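Asks: Let me begin by handing over the structure; questions about it come next.
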Amino acid sequence: MEYRKLSKGGEMISTLGLGMGGIHKTTPDEIEAVIRSHCTARCPFRVDRQTRIHTIAEYFKL
Numbered sequence: 000m001e002y003r004k005l006s007k008g009g010e011m012i013s014t015l016g017l018g019m020g021g022i023h024k025t026t027p028d029e030i031e032a033v034i035r036s037h038c039t040a041r042c043p044f045r046v047d048r049q050t051r052i053h054t055i056a057e058y059f060k061l
């Protein structure tokens with residue numbers, strides 16, 4: 000996952016969280032594309048459409 004340093008202070012923020020204010024308007028396919036674009040080859044997400052959201056939630060402990 001890619002992180003960026005905030006302009007004020009030393010905190011690091013995941014680029015996955017940037018611009019996610021409209022996530023409620025996003026389709027599951029668009030969400031998957033964003034997450035996949037930020038994952039490494041070791042990312043545990045599955046392609047199976049039925050388990051995809053549950054796997055992502057488990058990964059992020061949601």
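Going by numbering that gives the first Met the number 0, the sequence shown opens with residue 0, and the numbers climb by one from there.
Here a beta-carbon is modelled for each residue, glycine too, at the ideal position from N, C-alpha and C.
Computed from a predicted model, the values in this text were never measured in an experiment.
In its own chain, which residues sit with a C-beta less than 8 Å from the C-beta of MET11, not counting the 5 before and 5 after it?
Replies: Counting only Cβ-Cβ distances below 8 Å, and skipping sequence neighbours, we find TYR2, ARG3, LYS4 and LEU5.
Asks: Roughly how many whole angstroms lie between the Cα atoms of GLU57 and ARG35?
Replies: Rounded to the nearest angstrom, the two C-alpha atoms are 16 Å apart.
Asks: Along the chain, where does the beta strand (DSSP E) containing LYS4 start, and where does it finish?
Replies: 2–4 is the span of the beta strand (DSSP E), which, as asked, contains LYS4.
Asks: Go ahead and label SER13 buried or exposed: buried means 16 or more other beta carbons lie within 10 angstroms of its beta carbon, across all protein chains shown.
Replies: Under this definition SER13 is an exposed residue.
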